[in-house]
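**Student:** Residue numbers (the numbering used here): 497 to 1191. Note that the Cβ used here is the ideal one computed from N, Cα and C, for glycine as well. Quick caveat, the model's predicted, so the values are computed rather than measured.
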Amino acid sequence: MTGDARHSKDDRTDTVPADRQTADAAARTDSQVDDITPAHTTLEASSAGIQAQPVEAAAAPAPENPAETLIEIRAGGMQEMVQRGGAFVFSTIFHLVLVLVLGLCTLNTAVQEEIISLLSPSIEEQPDELPVELELEQDLQAATEVTQAIFDSAVAAAAQSGSATGAATEPQLDQQLLEEFSSPQVKVQPPSLGLPSMTRAFEALPEGILGDPRMVVDSYQQAMDQITQEILWMLERGNVLVVWCFDQSQSMKDDQREIRDRINKVYAELGLVDQASGNHLLTAVTSFGAGFQIHTAANNKPRPTSNRAEIRDAIDLVPIDPSGTENMCAAVRQAIGFHRPMARRRQMILILVSDESGNRENNVALLENTISEARAARCRVYTMGREAVFGYPWAHIRYQHPQTKRTHWLRVDRGPETAFVEQLQTNGFHRRHDAFSSGFGPYDQARLSRETGGIFFLLPSIEADLVGGKAGKRRYNLDAMRPYRPDLRARLSVVSDRNKYPLRSLIWKVVNDLDPTQARQVNMPVDFPLTAAQFLPAARAAQTKAATYINYLGTVQKMLESGKLLREQEPEPRWQANYDLILAQVVAYQARMYEYGVALEEFIKKPKTASLTRPPNLRLVDWDITTNNNVRTETSKPYIKRSTELFNQIVADHPGTPWAERAREELTRGFGVDLVPDYNPPYIQVKNPKPLPKL
497 MTGDARHSKD
507 DRTDTVPADR
517 QTADAAARTD
527 SQVDDITPAH
537 TTLEASSAGI
547 QAQPVEAAAA
557 PAPENPAETL
567 IEIRAGGMQE
577 MVQRGGAFVF
587 STIFHLVLVL
597 VLGLCTLNTA
607 VQEEIISLLS
617 PSIEEQPDEL
627 PVELELEQDL
637 QAATEVTQAI
647 FDSAVAAAAQ
657 SGSATGAATE
667 PQLDQQLLEE
677 FSSPQVKVQP
687 PSLGLPSMTR
697 AFEALPEGIL
707 GDPRMVVDSY
717 QQAMDQITQE
727 ILWMLERGNV
737 LVVWCFDQSQ
747 SMKDDQREIR
757 DRINKVYAEL
767 GLVDQASGNH
777 LLTAVTSFGA
787 GFQIHTAANN
797 KPRPTSNRAE
807 IRDAIDLVPI
817 DPSGTENMCA
827 AVRQAIGFHR
837 PMARRRQMIL
847 ILVSDESGNR
857 ENNVALLENT
867 ISEARAARCR
877 VYTMGREAVF
887 GYPWAHIRYQ
897 HPQTKRTHWL
907 RVDRGPETAF
917 VEQLQTNGFH
927 RRHDAFSSGF
937 GPYDQARLSR
947 ETGGIFFLLP
957 SIEADLVGGK
967 AGKRRYNLDA
977 MRPYRPDLRA
987 RLSVVSDRNK
997 YPLRSLIWKV
1007 VNDLDPTQAR
1017 QVNMPVDFPL
1027 TAAQFLPAAR
1037 AAQTKAATYI
1047 NYLGTVQKML
1057 ESGKLLREQE
1067 PEPRWQANYD
1077 LILAQVVAYQ
1087 ARMYEYGVAL
1097 EEFIKKPKTA
1107 SLTRPPNLRL
1117 VDWDITTNNN
1127 VRTETSKPYI
1137 KRSTELFNQI
1147 VADHPGTPWA
1157 ERAREELTRG
1167 FGVDLVPDYN
1177 PPYIQVKNPK
1187 PLPKL
């Protein structure tokens, strides 16, 4: 096709004059170059010359040198293509590099993590190793089989050679009772607790703002001074409502009068009356026993007042509840609930005044609900209370009946300092009667004050009629007590943790197995009849019971010694101290039981005599068991030696704490046992005597 076209042009040039041919050729060449310059022209079209635009045979003469024209055309097209192709290639390379860089930046972290996960060796989680129970080789072997015969043989040997061998015969024991002590398995039913209302629990004080569960004061005056400062500080921010909540116990009447007089002075001396003008400070007075009463009310509705005379009169109206029941948590909850509507634009505090810890069942059921109610109302609870008995729920008040003149020990709720008791409930013979101080307030009151942002004021236990009144003289080292603080979390949390730690479960089982209120076999007789005919059978029965009790204590000792490694794994100093003291007591109580049986045997063989009366008007009523330092049998001496070492170690390891003081107390009691005459004044026979008060 190209050849044919070039041949046609050559044929036409023969018929055109030369000068015209030159001009036409130049014109045609310019026209052809213009025709092949569009950007869409391909390389093939450029190389084909004028093929892309057909020319009629007679339209124009062919150029003089068609080859030069074609070369020029081809050169122009190639230059254009190189320019445009270079830009395209450069743009493509640039964008490819850019995409690659962005891709690397995006995938770098993921790729790195993937590489790390692929290269890292897989590590299987290993379960915590179970604590290994270790049988300890002890020089002193716990008692396994003891009968009344050992007491008889000890006396006989002592009479012949001045010492006893301590040999025991093989007895037939109540295996069912022994099995109760043989297994350390503990199953604890979680307490039935009232759970807080979730709709109101979050309308509370900021989470994490806790109060002071232990502020030691010497008197109500110190506590009132601190509360006054709290009220003054609150008045600077706005109006305040103070709700007093008094215990209706008879034992609190003197305390109420002191507080009444102190309130009057505080309001006057510190200028609260002036600041309270215009009802900036309102006061309400309530009280509780088995029920709940509001003493600042009008038309059966709460009506707080700023009048000091009305406040004083309201405190005087607090009655004495003869039931002896103190539903503390229910009362606090009601007091807050009744006054909460009046405190919507006020800051509210509640001041709880009681010398008891409150009814335990009521506390267990309602404590968490009461805390939730107080936090929802933004009400801080300040408690003026007494020191809890160390590891024991009760204290005892000595009371002489005004008509019969007989002395009674009245039980009051005064503890414990923990959610559940952590100490032995026996003194080795029967349930405890001491008021040994713990250094902390009762658990329920301390937790209530702490969780609501208040303060528990720890008043001294200085009641003159408190049995074991030496407790009021004990003051423990504050710094030493910090690691031994009781766990003030909710009871459910405490139970959950106890079940996680084997040592705590073991201690809980021991405490319950040796609880005299639940196990009759650990209650030993401590008073015996005067006549020989009555004394002999009573003493023989007591010896048999003592032999069984020694076996129980021996089993408990083995359980505790097998848990020595658990003690090393226990993280809390408080539980370590609990273990140390209970083990020492269990060993010591075995020594006293041996001495107990031998003392009875000696009395049987050689009865004592005593005067039937003593001045001024006392008469002999029975023979009582007491302890001293006179050891009667060699059998008890290894136990005495071992327990003495353990008690002394407690004093060294836990100085300035109740555990150390309790160890000293056990050493002071002595390990020997004796029978002494007991004298009492004559009882007055009264028809229909007044019932004993319930404190």
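Grouping DSSP H, G and I as helix and E and B as strand, with all else coil, what is Gly887?
**Tutor:** In the structure shown, Gly887 sits in coil (DSSP, three-state: anything other than H, G, I, E or B).
**Student:** Please determine, among Ser745, Gln717, Gly950 and Leu777, the residue with the shortest C-alpha to C-alpha distance to Glu754.
**Tutor:** Nearest option by C-alpha distance: Gln717.
**Student:** Count the other C-beta atoms from every protein chain shown that fall within 10 angstroms of the C-beta of Pro912, then say buried if there are 16 or more, exposed otherwise.
**Tutor:** Buried, since its Cβ has 16 or more Cβ neighbours within 10 Å.
**Student:** Looking only at DSSP bridge pairs, what is Val781 linked to?
**Tutor:** Note: Val781 sits in a beta bridge opposite Trp740.
**Student:** Rounded to the nearest angstrom, what separates Trp890 and Gly935 at their Cα positions?
**Tutor:** Cα to Cα, the separation comes out at about 15 angstroms.
**Student:** For the beta strand (DSSP E) that Thr792 lies in, which residues bound it at each end?
**Tutor:** Looking at the DSSP string, Thr792 is not in any beta strand (DSSP E), and its letter there is neither H nor E.
**Student:** With Ile951 as the anchor, note down where its beta strand (DSSP E) starts and where it stops.
**Tutor:** Counting along the chain, the beta strand (DSSP E) containing Ile951 begins and ends at Ile951 to Leu955.
**Student:** What residues match up with Gly1168 in a beta bridge as DSSP calls it?
**Tutor:** Answer is Asn1124, bridged to Gly1168.
**Student:** Going by other Cβ atoms of all chains shown within 10 Å of its Cβ, with 16 needed for buried, is Leu626 buried or exposed?
**Tutor:** The predicted position of Leu626 is uncertain, since its pLDDT is 36 and thus under 50; a value taken from the coordinates is nonetheless stated next. Exposed: under 16 other Cβ atoms inside 10 Å.
**Student:** In the DSSP assignment, find the alpha helix (DSSP H) that holds Gln830 and state where it starts and stops.
**Tutor:** Note, Gln830: alpha helix (DSSP H), Met824 to His835.
**Student:** Could you tell me whether the region 918-937 touches the region 874-887, where touching means 3 or more Cβ pairs closer than 8 angstroms?
**Tutor:** Result yes; three or more Cβ-Cβ pairs closer than 8 angstroms.
**Student:** How long is the line joining the alpha carbons of Leu813 and Pro837, rounded to whole angstroms?
**Tutor:** Near 24 angstroms, if we compare the C-alpha coordinates of Pro837 and Leu813.
**Student:** Taking the DSSP output, what are the residues bridged to Ser1139?
**Tutor:** BP columns for Ser1139 are empty, so no partner.
**Student:** Please confirm whether Phe834 and Pro798 have their CB atoms less than 8 angstroms apart.
**Tutor:** Taking 8 angstroms as the Cβ cut-off, Phe834 and Pro798 qualify as a contacting pair.
**Student:** Using the Cα positions of Leu566 and Leu592, report the straight-line distance between them to the nearest angstrom.
**Tutor:** Here Leu566 scores only 37 on pLDDT, less than 50, and its place in the model is too uncertain to base an answer on.
**Student:** Please state if the CB of Val1083 and the CB of Arg1138 are separated by a distance shorter than 8 angstroms.
**Tutor:** Taking 8 angstroms as the Cβ cut-off, Arg1138 and Val1083 qualify as a contacting pair.
**Student:** Do Leu862 and Cys825 have their beta-carbon atoms positioned less than 8 angstroms apart in this structure?
**Tutor:** Yes; because the gap between Cβ atoms is below 8 angstroms, this pair is in contact.
**Student:** I'd like the list of long-range same chain contacts for Pro623, defined as Cβ closer than 6 angstroms, with 5 residues on each side in sequence excluded.
**Tutor:** The pLDDT assigned to Pro623 is 36, lower than 50, so where the model puts this residue is not dependable; a value taken from the coordinates is nonetheless given after this. So no residue of the chain qualifies.
**Student:** Report yes if the C-beta distance between Gly1050 and Gln1086 is below 8 angstroms; otherwise report no.
**Tutor:** Cβ distance < 8 angstroms, so Gly1050 and Gln1086 count as in contact.
**Student:** So for Arg710, helix, strand or coil by DSSP?
**Tutor:** Arg710: strand per DSSP, three-state reduction.
**Student:** Going by CA-CA distance only, name the one from Met1020, Ala831 and Asp940 that's closest to Val738.
**Tutor:** Answer by Cα proximity: Ala831.
**Student:** Can you say whether Asp851 is buried or exposed, counting buried as having 16 or more other CB atoms within 10 angstroms of its CB?
**Tutor:** By the neighbour-count rule (16 or more Cβ atoms within 10 Å), Asp851 is buried.
**Student:** Can you look up Thr1109 in the DSSP assignment and give me helix, strand or coil?
**Tutor:** Strand at Thr1109.
**Student:** Would Tyr1045 pass as a contact of Val1169 if the rule is Cβ separation under 8 angstroms?
**Tutor:** Contact flag unset, no.
**Student:** Nearest by alpha-carbon distance to Arg1088: which of Phe647, Thr588 and Thr914 is it?
**Tutor:** Checked all of Phe647, Thr588 and Thr914; the closest Cα to Arg1088 is Phe647.
**Student:** Since Pro979 contacts Pro1069 with CB under 8 angstroms, what's their CB separation in whole angstroms?
**Tutor:** Right, their Cβ atoms sit about 4 angstroms apart.
**Student:** Out of Val908, Trp729 and Arg829, which one is the CA nearest neighbour of Thr930?
**Tutor:** First, the residue type needs correcting, since residue 930 is Asp and not Thr in the sequence shown. Minimum Cα distance to Asp930 is reached at Val908.
**Student:** Mind checking which residues open and close the beta strand (DSSP E) that includes Val1082?
**Tutor:** First-last for Val1082: Pro1069 to Lys1101, but that is the alpha helix (DSSP H), not the beta strand (DSSP E).
**Student:** If we count Cβ pairs, one from each stretch, closer than 8 angstroms, do we get three or more for the region 870-881 versus the region 938-950?
**Tutor:** The region 870-881, when compared against the region 938-950, does touch it at the 8 angstroms Cβ threshold.
**Student:** Quick one: Cα of Tyr888 to Cα of Pro1012, how far?
**Tutor:** Tyr888 and Pro1012: Cα-Cα distance of roughly 12 angstroms.
**Student:** Go to Leu962, then tell me how far its beta strand (DSSP E) extends in each direction, as first and last residue.
**Tutor:** Careful: Leu962 lies outside any beta strand (DSSP E) and carries neither H nor E.
**Student:** Would Asp983 be called buried (16 or more neighbouring beta carbons within 10 Å of its own) or exposed?
**Tutor:** Under this definition Asp983 is a buried residue.
**Student:** Select from Tyr997, Glu1162, Pro1151 and Asn1176 the residue whose C-alpha is nearest the C-alpha of Pro1112.
**Tutor:** Taking only the C-alpha atoms, the option nearest Pro1112 is Asn1176.
**Student:** Between which residues of its own chain and Leu706 is the CB-CB distance below 8 angstroms, once the five residues before and five after are set aside?
**Tutor:** The answer, listed in chain order, is Arg946, Glu947 and Gly949.
**Student:** Take the Cβ of Trp905 as the centre, count every other Cβ of all protein chains shown within 10 Å, and call the residue buried at 16 or more, exposed below.
**Tutor:** Exposed.
**Student:** Under 8 angstroms between the Cβ atoms of Leu954 and Val1172?
**Tutor:** Going by C-beta atoms, Leu954 is not nearer than 8 angstroms to Val1172.
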